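Structure first, then comments.
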């Protein structure tokens, strides 16, 4: 069977409706209007025509289930279609080979298409004639830029330079815990360069972000000059002094991290440094005892909300988090507003 | 016992030689010249004086093995000594607590001090009176910049914001393997946007860096326009065209990666993409069959040799590599010259 190019789709007639759509979920049946105009152009007879997306047509050519498109075979068709189709073809073929039906996420194909989605994947056993959607897929090459705002409720299918595909599931996240804050009052401490020295050898130092939080909560009194005067907060050593020091050593990143630290505490989650995992924080949702924190559930990386991800960095974070049995969470900060996105590996 | 500050060191007299140096490896015995000038100033009598570094003095104050320095206790001394001593104190204390003797890597203390080293650590049971050195330690805060050129034959002791220490062992590395290159000749292929389409469905695509290498080796003939003419290399489709395309999508990074890819191949090591690990390559030293590559031994990240590491990024790479049982290797490229540095976790 030969397909004809029309308006960026590949139209096939004959028994196409039964052969491609009804039995295998390819393409979309053309409506009466579309059908008629197509029939006029091509003088086709009988049956209901089906429009295949170019990616579907490429896959059918590749599988030998379609003979040609305008006389072209698979390789010629793909090369003619230009560069950008290749990555989408690879993802389409992978999902098809895994037994899923999927459709392009475009007007005329699905209801309410979204700009950040390339395909919708139906649950196993379902197809384009059903309403259920299992995954919304966004296809990106490993060198693409992925703006933070495009993450959430979408699966990134990242095609690497060897054409292997990594699926990264992104969702909005809601971190909650039951860890209470049983804080002492009026602890005295010295503010050093990039950490705070507390007056107990057993727990010698606080991070600046911890200290800034505790100072603002009235828990910590600081001697900003480090001279150990032992007196309570007297102007130079208040919460603002710690924030100022934080900004000196980290710039605006410090404010973002403090914003996230506070939000986690308010949600009953205990944040500790995530340094050993290359993250900003690791978090404990249900701390019963400080001496035994248990297993931390999440790694949190704090970023400005206009951050642009590289798929490689995403893959690194997600792979590491998976390896240590934690969820990877990105906390996206825009001034005082904050959103959480989880990203995890997915095997479709 | 009270110490006196002199020339940035803390001088202690009395039985200091026996008490601090001989029995516990602290400080350095002062020579006769130094001793005399000191004795004049302070009118001390008897015994051989010992100079402690400020970090050693802080540790002895902390442990209660030194009463005061110029009348100051631990907290006051540390605060007065300024910010930069704190991280070094933490690392010194950690290594002492692990049972090691160590000395500042400075003139008058050790032979041939190096600018990238803060402490030398002696093997267990050895001390400053022996020649053996187990580790050379460089202390950095987690926010410090670490130039690539300072890595190699040094252990980074990274002090994170909660004052936890991560030890990263850095060494020059030599990657060698026994994987031969049994390459076909004159395979025809199409050059697409950021990958190369080979004319065999079973192994559909090559990465650009693989294609650039194979084209330069005369293995691959490319149709640059992707029209599938099937003819051999005819000007537009030579090795240079692939490199050109690589530079378009990756900039100068492509040349660096190609340089490293070629070097690995020449060393009998098979590089594959390291994307899933957030790296440039994963490598196989002893490939017997392409269909069963086995376990890759190393992850390679390619960087310009003037790269500056953030300790957090280093920790992320090293942690990931460790989790998947691979060595983390940095390939540092300066034009055509190339050096290899391995970085791994160390528990002293």
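Protein chains in written order, with our numbering: chain X, 5 to 352; chain W, 5 to 352.
By construction, the Cβ of each residue, glycine as well, lies at the ideal position given by its N, Cα and C atoms.
Computed from a prediction, not measured in an experiment: that's the story for all the values here.
Beta carbon proximity, residue i to chain X, threshold 9 Å
{"i": "residue 121 (chain W)", "result": "no"}
{"i": "residue 276 (chain W)", "result": "yes"}
{"i": "residue 35 (chain W)", "result": "no"}
{"i": "residue 164 (chain W)", "result": "yes"}
{"i": "residue 221 (chain W)", "result": "no"}
{"i": "residue 72 (chain W)", "result": "no"}
{"i": "residue 210 (chain W)", "result": "yes"}
{"i": "residue 324 (chain W)", "result": "yes"}
{"i": "residue 304 (chain W)", "result": "no"}
{"i": "residue 279 (chain W)", "result": "yes"}
{"i": "residue 315 (chain W)", "result": "yes"}
{"i": "residue 194 (chain W)", "result": "yes"}
{"i": "residue 401 (chain W)", "result": "No answer is possible for residue 401 (chain W): it lies beyond the span of chain W, which begins at 5 and ends at 352."}
{"i": "residue 147 (chain W)", "result": "yes"}
{"i": "residue 47 (chain W)", "result": "Only weak support is given to the placement of residue 47 (chain W): the predicted model assigns it a pLDDT of 47, under 50, and the value that follows is read from those uncertain coordinates. With 9 Å as the cut-off, residue 47 (chain W) does not count as an interface residue toward chain X."}
{"i": "residue 312 (chain W)", "result": "no"}
{"i": "residue 128 (chain W)", "result": "no"}
Option nearest residue i by Cα separation, candidates the options
{"i": "residue 309 (chain X)", "options": "X:69, X:302, X:326 and X:342", "result": "X:342"}
{"i": "residue 81 (chain W)", "options": "W:110, W:123, W:13 and W:53", "result": "W:13"}
{"i": "residue 296 (chain X)", "options": "X:154, X:274, X:86 and X:281", "result": "X:274"}
{"i": "residue 172 (chain X)", "options": "X:88, X:179 and X:140", "result": "X:140"}
{"i": "residue 51 (chain X)", "options": "X:29, X:79, X:22 and X:91", "result": "X:22"}
{"i": "residue 119 (chain X)", "options": "X:314, X:32, X:109 and X:224", "result": "X:109"}
{"i": "residue 95 (chain X)", "options": "X:87, X:34 and X:123", "result": "X:123"}
{"i": "residue 53 (chain X)", "options": "X:25, X:189, X:302 and X:336", "result": "X:25"}
{"i": "residue 99 (chain W)", "options": "W:88, W:194, W:170 and W:75", "result": "W:170"}
{"i": "residue 344 (chain W)", "options": "W:350, W:161, W:304 and W:293", "result": "W:304"}
{"i": "residue 164 (chain W)", "options": "X:149, X:200 and X:227", "result": "X:200"}
{"i": "residue 292 (chain X)", "options": "X:55, X:263, X:317 and X:183", "result": "X:183"}
{"i": "residue 59 (chain X)", "options": "X:87, X:36, X:34 and X:35", "result": "X:87"}
{"i": "residue 1 (chain W)", "options": "W:302, W:270, W:268 and W:290", "result": "Residue 1 (chain W) is absent from the model: chain W starts at 5 and stops at 352."}
For residue i: DSSP bridge partner residues
{"i": "residue 276 (chain W)", "result": "W:286"}
{"i": "residue 166 (chain W)", "result": "Partner(s): none; residue 166 (chain W) has no beta bridge."}
{"i": "residue 16 (chain W)", "result": "W:54"}
{"i": "residue 139 (chain X)", "result": "X:125"}
{"i": "residue 120 (chain W)", "result": "Bridge partners of residue 120 (chain W): none, in fact."}
{"i": "residue 313 (chain X)", "result": "X:150"}
{"i": "residue 348 (chain X)", "result": "X:173"}
{"i": "residue 9 (chain X)", "result": "X:14"}
{"i": "residue 338 (chain X)", "result": "X:341"}
{"i": "residue 328 (chain X)", "result": "The partner list for residue 328 (chain X) (beta bridge, DSSP) is empty, contrary to what the question assumes."}
{"i": "residue 293 (chain W)", "result": "W:296"}
Residues near residue i in its chain [Cβ-Cβ closer than 8 Å; skip 5 each side]
{"i": "residue 300 (chain W)", "result": "276, 286, 287, 288 and 330"}
{"i": "residue 113 (chain W)", "result": "32, 57, 107 and 132"}
{"i": "residue 157 (chain W)", "result": "140, 174, 175 and 176"}
Residue-chain proximity (residue i, chain W), Cβ-Cβ < 9 Å
{"i": "residue 319 (chain X)", "result": "yes"}
{"i": "residue 282 (chain X)", "result": "yes"}
{"i": "residue 213 (chain X)", "result": "yes"}
{"i": "residue 62 (chain X)", "result": "no"}
{"i": "residue 307 (chain X)", "result": "no"}
{"i": "residue 245 (chain X)", "result": "no"}
{"i": "residue 327 (chain X)", "result": "yes"}
{"i": "residue 19 (chain X)", "result": "no"}
{"i": "residue 269 (chain X)", "result": "no"}
{"i": "residue 9 (chain X)", "result": "no"}
{"i": "residue 168 (chain X)", "result": "yes"}
{"i": "residue 83 (chain X)", "result": "yes"}
{"i": "residue 253 (chain X)", "result": "yes"}
{"i": "residue 90 (chain X)", "result": "yes"}
Residues of its chain near residue i, where Cβ-Cβ distance is below 6 Å and the 5 sequence neighbours each way are ignored
{"i": "residue 338 (chain W)", "result": "309"}
{"i": "residue 104 (chain X)", "result": "125"}
{"i": "residue 68 (chain X)", "result": "none"}
{"i": "residue 326 (chain W)", "result": "349"}
Proximal residues to residue i (C-beta, below 7 Å), its chain only, five neighbours per side dropped
{"i": "residue 77 (chain X)", "result": "65"}
{"i": "residue 5 (chain X)", "result": "16, 18, 70 and 71"}
{"i": "residue 298 (chain X)", "result": "288"}
{"i": "residue 224 (chain X)", "result": "191, 193, 215 and 218"}
{"i": "residue 324 (chain W)", "result": "281 and 282"}
{"i": "residue 306 (chain W)", "result": "260, 261, 264, 284, 335 and 337"}
Counting Cβ pairs, one atom from each stretch, are 3 or more of them under 8 Å apart for the region 310-330 of chain X and the region 147-160 of chain X? yes
Touch check for the region 244-253 of chain W and the region 177-185 of chain W: three-plus C-beta pairs under 8 Å? no
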